[in-house]
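Following: one structure in structure tokens, then a few remarks.
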Amino acid sequence: MIFGADYYPEQWTQKDWEEDIRIMKEMGISSVRLAEFGWALMEPKEGKYDFSFFNKILNLIHKNGMTAILGTPTATFPPWLVKKFPDIIQERDGVKRTIGTRRQACFSSPDYRKASVKIVTAMAKHFGNHPAVIGWQIDNEIGHEGSDIDHSPVSLKAFRVWLKNKYKTIQNLNETWGNVFWGVLYNSFDEIPIPGVHVASNFHPSMIQDFYRFHSDTIIDFVKLQAQILRKFSVGRPLTTNLYPSPFLPIIDMAELASYLDYISWDNYPTWGEQEEPFPHPFIAAMQQYNRGLKNLPFTVMEQISGFQGHDLLGYLPAPGQTKLWMKHSIVHGSNAIYFFRYRTARFGQEQLCYGILDHDKEKTERYFELQKGIKEISEYADDFVEELFPAQVAVVHDIENARNWKHQPISSGLKYSPVPWAQLGYDVEMATWFSGMNVLNVNTHFRPASKIDFKDYKIIILPMYTMVTDSIFQKLERFVKEGGTLILGYRTGAKDLNGWMYDSQVPGPFSEMAGVKVRKFEAVGNQKVKFKFRFFPGTCSKICEILEPTTAEVWARYTDKKKFYKGQPIITANSYHKGRVIYIGASLEPLSFMLLYRRILREAKIPFTFYGPTVEKLNRTGRNQNYEIFINHSGKKNLAGLKILNPYEVRITPKKK
Amino acid sequence: MIFGADYYPEQWTQKDWEEDIRIMKEMGISSVRLAEFGWALMEPKEGKYDFSFFNKILNLIHKNGMTAILGTPTATFPPWLVKKFPDIIQERDGVKRTIGTRRQACFSSPDYRKASVKIVTAMAKHFGNHPAVIGWQIDNEIGHEGSDIDHSPVSLKAFRVWLKNKYKTIQNLNETWGNVFWGVLYNSFDEIPIPGVHVASNFHPSMIQDFYRFHSDTIIDFVKLQAQILRKFSVGRPLTTNLYPSPFLPIIDMAELASYLDYISWDNYPTWGEQEEPFPHPFIAAMQQYNRGLKNLPFTVMEQISGFQGHDLLGYLPAPGQTKLWMKHSIVHGSNAIYFFRYRTARFGQEQLCYGILDHDKEKTERYFELQKGIKEISEYADDFVEELFPAQVAVVHDIENARNWKHQPISSGLKYSPVPWAQLGYDVEMATWFSGMNVLNVNTHFRPASKIDFKDYKIIILPMYTMVTDSIFQKLERFVKEGGTLILGYRTGAKDLNGWMYDSQVPGPFSEMAGVKVRKFEAVGNQKVKFKFRFFPGTCSKICEILEPTTAEVWARYTDKKKFYKGQPIITANSYHKGRVIYIGASLEPLSFMLLYRRILREAKIPFTFYGPTVEKLNRTGRNQNYEIFINHSGKKNLAGLKILNPYEVRITPKKK
Amino acid sequence: MIFGADYYPEQWTQKDWEEDIRIMKEMGISSVRLAEFGWALMEPKEGKYDFSFFNKILNLIHKNGMTAILGTPTATFPPWLVKKFPDIIQERDGVKRTIGTRRQACFSSPDYRKASVKIVTAMAKHFGNHPAVIGWQIDNEIGHEGSDIDHSPVSLKAFRVWLKNKYKTIQNLNETWGNVFWGVLYNSFDEIPIPGVHVASNFHPSMIQDFYRFHSDTIIDFVKLQAQILRKFSVGRPLTTNLYPSPFLPIIDMAELASYLDYISWDNYPTWGEQEEPFPHPFIAAMQQYNRGLKNLPFTVMEQISGFQGHDLLGYLPAPGQTKLWMKHSIVHGSNAIYFFRYRTARFGQEQLCYGILDHDKEKTERYFELQKGIKEISEYADDFVEELFPAQVAVVHDIENARNWKHQPISSGLKYSPVPWAQLGYDVEMATWFSGMNVLNVNTHFRPASKIDFKDYKIIILPMYTMVTDSIFQKLERFVKEGGTLILGYRTGAKDLNGWMYDSQVPGPFSEMAGVKVRKFEAVGNQKVKFKFRFFPGTCSKICEILEPTTAEVWARYTDKKKFYKGQPIITANSYHKGRVIYIGASLEPLSFMLLYRRILREAKIPFTFYGPTVEKLNRTGRNQNYEIFINHSGKKNLAGLKILNPYEVRITPKKK
């Protein structure tokens, strides 16, 4: 295990540094992340490099036996750069970004890419072999704050080139999208507009899907570009980029991006800004497993909450013990390195309310002592298990094409969720809901990208919202079921192809035979609660209510809602197919219903489960030497887990013989 | 009766066509609407016409004994057009429209008008005498999606010309508007700005009123231009344009527009998009009567809901039988032709979730069989009555000048209703409320434009929200009352003249004598529920509460609300005037109160009424051979209408001897 | 006492004038305000002045023995001006202002300033010595409707100059703000952007604070410019500008602005537009005292509500007697001159729903008679006390730097309040809440700007939200406490310095010793109600909950909320310091709790208080000859004040011997 901190020596005086490092070490911190907003410090004028500042701090770190991860500073460029190239600025929904805040750069801009290559090359050459440097973070939270979509003229130009590369001829594009619709038949690629802000009807869904793909490709390419430089000049130092906190990232294909990096890191804020409550723990678990699952390997938390954070608004204050719990939660879910954000709280700037381990002064805080204690507590076990695979027989599977599709075509107002104007997280939240049912049953569950998973590693695959079908994935799923797997499908499965065309067959399209069911009718019920019954248990569902017509499937549950004409019609079916099983769930269930349903499926699949109430989580980890049962009390009160009494916010690790 | 479907052969292969037509015919469909989004297909490059595609399908239609209405394709132009003329694009509240969606065209643009003339002329010449073509739809839902307002520079230029034509001198404009207010005295027409987006205080109300008139004139002129061409080259084929679903259309003077067309058609969607419930049936009835009443003649539903529709969001799923009911509802309210939207559900494009008669495949759906049955059921009677006038002794009267005025000056937040940012439907919804009281009392009621109605055709005229007075209409109303009519007026009657100036007398201004009442004080109560009592019946009112001061009128109802200082003051009065009667209602009543009040008025006017509860509607129609009582059960449960038991969603037609 | 009216002769014919003046005089009105929107009338073309219109009316006024205050007309310029200088237009959040509405002018524009100098000079020369003119109002509601912030290019240019003047070198600016944060190190002043609309993260808080200061300086300078001209050409006529109704004005330093004027005037609308209820009376009292306190002298109400007002939306209708009460309320709180807005209701323009004393006709209204009566009633006493100081031993203190700071950094969503998009009034409303507790205890209380107050005039100083500390003010406060004063501080006191940097010590920073308390932890609870107990009284608090750590202070109240981990921790402390006392309140209390707490503090300070329920207000005034007890019944029902029975909306003035 590595414990580190995100450190900004440039925000303090050199006098502070030695003291800072001493206090860090006393706490158990041996590494820092540095420099990710340091472009203007390292290249104060075009081509005039000055690495002396970070040299000094790196030397001091090294002298103290500590290490550093360096961030490349491309998330915010210096003012002189935009003065020279005014069009390197992004634009979003009619608003141009600007210097003075961050993440302004247009990833399609050749000028910006050239400038990035120069600073990263210079930095890699200078620091690449410094003994303190143990790795690199490329950019910072790339794509965050809506910077994954760019409506600028430069972006439009690049989009047209991307389309030309993909479709070769404009006729092919017209036919593939179906531009005969509303008569928008283009005669050349330079007639294609940016699908941005609009007065009324939206742009063509196939166009928007491609626009998202274009941005994903562009951003991945930008990361690749930096990776090539770093691999050349900083041999042997592993590369990552810190994924931003919103969990499932609907534009950029993070699984694909990960393939150019050595390991995943992400920024874990269970509460941030004006949130009145932290996320429910199954949601945090889903985020951990999402990040773990991108490479199916141990991951780093590059920014682990250590205080109380927000820009101009704050909210929930973590209780004593809760920050420590969240840190351990990252580790037991698969992290092998934790960097706390941030070491000391900045006195100025937009983050002057982002409280870190220390406050604005240097007196040790309660948080300092709490985390110091936490590091000691977890270290006893962590080194035995953190490098091992997080074991699971169940996986929930997300899919980037569907994440993108549901973002622009949510169908139900219940699948629309925009806590900030630049994000539509309906898909993300719904995926977490399907994941949560397993989590509260204390079943170790992976959360994996459809494009990278090997289904046969699992007994049960949960694949909700898989409406846009990739043929190769479908074929693997078919094989998985034929060979005995249990596949759980959700509403709107198999409705459309990768071009965005609806199949000329009925939902679930290609899955119809294996699911033994057909869907001709559904209602988009938004956030209404529609009643149904699963065995003896009444429950409610929402968002989308499909009326299932079983062909070969057996009915597991039916609608019972008197207000709905489809009362009595099936909502859940199960079908045997070759050696396997397909469960089809035609609606979004409330959490308790998911749990009851999963219990039945787990029982049939002979996977053990427990339930200790809504605030206790249990996990199993396999170590090199021992196995571990881990009980987590997410509540501020004492809690029972079977016969065990857990203290508030306790993480209890019980080793077992292998 | 004609039954037709909106058909998009361009979205399917030629192979599909013969099968499509066969299935349509089996269902009872004999006509299609075609081509309204086909500009790019017919003129793929400037001046290069290619009508072969629609030729083929028209020939096939003709061969099958069917007919077609052709849409002129000006609602969406081809990409090459805007590439050549970038300024033919509308702008709304700071957002430029763009190619890639629809309704972008600036109706003031000479370039756009020229291009439209060319394509419509070519189309009219080519198809004008085709034996399958039975008529034309000009443009498509003209003015929908906020395209009735255009803030572009080209629009501004045309607005200045329109103002110059109207006012001749800038002094005249300054005086007529009252520009001395806030000292905005223009020296020339080219100083006049576009009254668009603004930071705080709005533009001058008289200016906004003219801006709306200008747009109405411009759009009507555009329709006239097309009509002239079509009448020249397609002799004898009747013309229409399909009015868009939002009911009372506050910008364009549709009654005036209708005078250049042969019949009214409109698009009837009782539920659309994310609506959780369909509109209440009196509201749908109001929409039907609005469209019927524009020409007081039978009308076509050019798009009759046949499925489950929306762009990226869906909502309420029509129950079995409900789609059939809605179709019959159109017919019994005065439609003599129904085109279902749409025949088959598009596999691609923004309407891939606009479910039509068939789904994305070709298997016959429940909706297919339901509508097929409905066509047979209604045909037995429809041919006898659909060409006859819908009989009524009562009319609710709307007025375009007031629709516009209330849109920009709603006075009460309760009269502000913007389900989409580009529409303010407070006036529309309030008019429908005043209509509904008669509808639930099962009294055949017209809904007519003030500019075209002959008041003496009616016993009772209901004229709510008639705040801006047209002198000639006032004189007709005065004659109507003098000769024995009953006139029902609402709050804020007679407050201002057509220039937008408040009268220098008190509300109801010119109506004071006939109403026998004066209003010096009112409160704008928003959506508060304020108590009052009409006879023995307590009720509530909202939006605006006027305190009536009767001069000669008798008091029918008083406020009773303890929270209001005007408790005890009159809210409703009645005045005899010559042979007639004027009822003045100083507030917006809740539906039950409207019903109780209307009952008294109907009784006094000796007009029979019934009441079978809130979900049963009864109408009377006169046929050539027989008369008809029509009972409609709008609910999904059995319902009583007197002694009759109506099945869910049943429309029962009972013929009677004449 | 002067009673006047805001009169717009340009909105009526000359025939009307004599009658208007006669009716005014009958009512008791002896003065008018004129011309503040008259630029286009006085300078219809550039350089062509025509003062004949206002000459005529001024002569008539003089002939009738009345007087006039003239407004300089710079709040709305004539169309020819912007035609000549298109860049004199403001811009806000991406929206350019425009001619056709008002307050469009960019105060930084040299062209606009030159044009303003010309018209004001011409006007001052022409009217400066007219015998009817008794004073000048500069501009109109300067800064209202969001015009205190300007994002135009001209504003940006001027901002850069202002920064250069302040910081001299760009290095100094970088260091003072802390631009090393996110690496935004500028190389020159012309790289600085406008901190306007942005996609995600906001601009640097120190930058925004300076941006607000820049606007304040610019607007004050504009007022100074006009004042110099008027003083030169209209000797002896006192100057004012009418402050707009929103109370505490977070951008412009109104106390500083006031120093260039002779007296304060403001516009008092206890209800306006779509408000459903008038402001609570302690809030109106806070507004009165805010305006009174800017110069600590009698003030004018330049626009006193006289009717029922709004632009396109209206709301609450004042009850009979309430308008009269509000007029008297202004006087007893310190006004010595009242101008009613407006004399007659305009028939046209954006204010045609701004009902004045008369309606659109000339018949005398109830309001006319009510105010006529009110003038008589108050005149009996007013002349004796209106020129005397409003006596008080308690002052609530606001601070312009903190008003600005909390506006852009509200910390808690409960301190964010934007009834209109261009204002964030969280600070204002919260200040009024702290004021209200004293007001309902019927303790005469001043409301004063920190920069101008002499603390030793008071026994108790209430200084909430004093987070950004001005050193000189801190020193005065320290002396005040040392010498025996009672200082009441609120949450987040002493967190940052004037550069916007957090202190490297803990809250309350420099106040820690005198408050005897330290704060390391707080929660931003938004609008949650968090329980606490003060003595035996349970109460709730909201917005921000600090956990106090007393060093020398005694604990007065503790949190009791079971949902909070800080249950049992202190929320209120009291500390003796030298001869004085410091009470520290770590949260925003509900009104009842404030009252209970203040009672204790008043008792200890030996200041008498009473409580007659939430709708009775009592004040004391000192006259030249007598003293007065003033009882105000703010409710529409009878009310008790001790043994006195007050009629609805009664203001009872009881003279007492001195």
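Residue numbers (this note's numbering), protein chains in the order written: chain A, 59 to 716; chain B, 59 to 716; chain C, 59 to 716.
Cβ coordinates follow ideal geometry from the N, Cα and C atoms, glycine included.
Predicted, not measured: the structure shown is a model, and the values here were computed from it.
Under the 8 Å criterion on CB atoms, Ser563(C) is classed as interfacial with respect to chain A. By alpha-carbon distance to Gln533(A), the top candidate from Gly472(A), Ile518(A), Thr234(A) and Phe513(A) is Phe513(A). In this structure, Gly351(A) keeps its C-beta atom at 8 Å or more from the C-beta atom of Phe538(A).
Per DSSP, Phe280(C) has no beta-bridge partner at all. Neighbours of Arg578(B) in chain C, taken as residues whose beta carbon is under 8 Å from its own, are Asp417, Thr423 and Glu424 in chain order.
For Asn245(C), the nearest CB of chain A lies under 8 Å from its own CB, placing it at the interface with that chain.
Counting along the chain, Phe590(B) sits inside no alpha helix (DSSP H); it lies in the beta strand (DSSP E) bounded by residues Val575 to Phe592.
Interface flag for Val219(B) against chain C is unset, since no Cβ pair is found closer than 8 Å. For Trp324(C), DSSP records a beta bridge to Leu301(C) and Val359(C). Of the other Cβ atoms in all chains shown, fewer than 16 fall within 10 Å of the Cβ of Asp248(B); this residue is therefore exposed. Annotation: Cβ neighbours of Gln408(A) in chain C (cutoff 9 Å, chain order): Phe239, Trp240, Ser259, Asn260, Phe261, His262 and Pro263. Chain A has no Cβ within less than 8 Å of the Cβ of Phe269(C). Interface annotation, Phe623(A): in contact with chain B, CB-CB separation under 8 Å.
Residue environment analysis places Leu701(A) among the exposed positions, since fewer than 16 neighbouring C-beta atoms fall within 10 angstroms of its C-beta.
Within the same chain, and ignoring the five residues on either side of Leu547(C) in sequence, the residues whose Cβ sits closer than 8 Å to its Cβ are Leu521, Pro522, Tyr524, Pro566, Phe569, Ala573, Val640, Ile641, Tyr642 and Ile643. The DSSP-derived three-state label of Thr381(B) is helix. Chain order gives the chain B residues near His256(A) as Val153, Arg155, Thr156, Gly158 and Thr159, where near means a beta carbon separation below 9 Å. 8 Å or more divides the Cβ of Glu459(C) from the Cβ of Leu545(C).
Secondary structure of His202(B) (DSSP, three-state): coil.
Beta-carbon to beta-carbon, Glu612(A) and Val575(A) are separated by about 10 Å, too far to satisfy the 8 Å threshold. Taking a contact as a CB-CB distance under 8 Å, the pair Pro137(A) and Ile157(A) counts as one, their CB atoms being some 5 Å apart. For Lys714(B), the enclosing beta strand (DSSP E) stretches over residues Val709 to Lys714. The beta carbon of Ser471(B) sits closer than 8 Å to some beta carbon of chain C. When DSSP states are grouped into helix, strand and coil, Thr234(B) belongs to the helix group.
Where Trp194(A) is concerned, the enclosing beta strand (DSSP E) starts and stops at Val191 to Gln195. What Met560(C) touches in chain A, judged by beta-carbon distance under 7 Å, is Arg405, Gln410 and His418, going in chain order. Between the region 184-200 of chain B and the region 246-260 of chain B there are fewer than three inter-stretch CB-CB distances shorter than 8 Å, so the stretches are not counted as touching. Around Gln467(C), no beta-carbon contact reaches into chain B at under 7 Å, the shortest distance being about 23 Å. At a cut-off of 8 Å, the C-beta of Phe165(B) has no neighbouring C-beta in chain A.
Closest option to Gln333(A), judged by alpha-carbon separation, among Val359(A), Tyr374(A), Val293(A) and His339(A): Tyr374(A).
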